[in-house]
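For the sequence shown, this note's numbering gives the first residue as 340, with consecutive numbering after it.
In this text, a Cβ means the ideal position worked out from N, Cα and C, and glycines have one as well.
Have a look at the structure below before the remarks.
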Amino acid sequence: MICVRCIVSGKVQGVWYRDTVRSKARSLSLTGHAVNLSDGTVEVVACGVASQVKALQEWLWEGSQYSNVTSVKCEPIEAGSFNQFNIG
């Protein structure tokens, strides 16, 4: 299992981005979270099988139909203790 922390920039708050990330992450059997940050970005932490985490990382560029993603920056982190994928 691997975990990554991604910061997603662009029009990603108030456009159902976190909810669509949660749906996609759960469909990939990932755990973690998607949280709005005060600077207008969204933090996504995803943990699971490497191929599934990579699939989510690529999908983060798509987001919701109302979002406009301009940047996705990811870095590996130590495994978290998440039971499911939540939004905050």
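Limits of the beta strand (DSSP E) - the one that residue i falls within
i: A394; result: Looking at the DSSP string, A394 is not in any beta strand (DSSP E); the run it does join, the alpha helix (DSSP H), is A389 to W398.
i: S410; result: N407 to I416
i: T370; result: T370 to N375
i: V360; result: Element bounds for V360: not the beta strand (DSSP E) but the alpha helix (DSSP H), Y356 to S366.
Helix, strand or coil at residue i according to DSSP, with G and I counted as helix
i: S403; result: coil
i: S420; result: coil
i: V349; result: Rather than Val, the amino acid found at residue 349 in this sequence is Gly. Looking at G349 - three-state DSSP - the assignment turns out to be strand.
Residue burial classification, residue i (beta-carbon count within 10 angstroms, cutoff 16)
i: S368; result: exposed
i: K363; result: buried
i: R365; result: exposed
i: G427; result: exposed
C-alpha distance - residue i paired with residue j, whole-angstrom precision
i: L399; j: Q352; result: 14 Å
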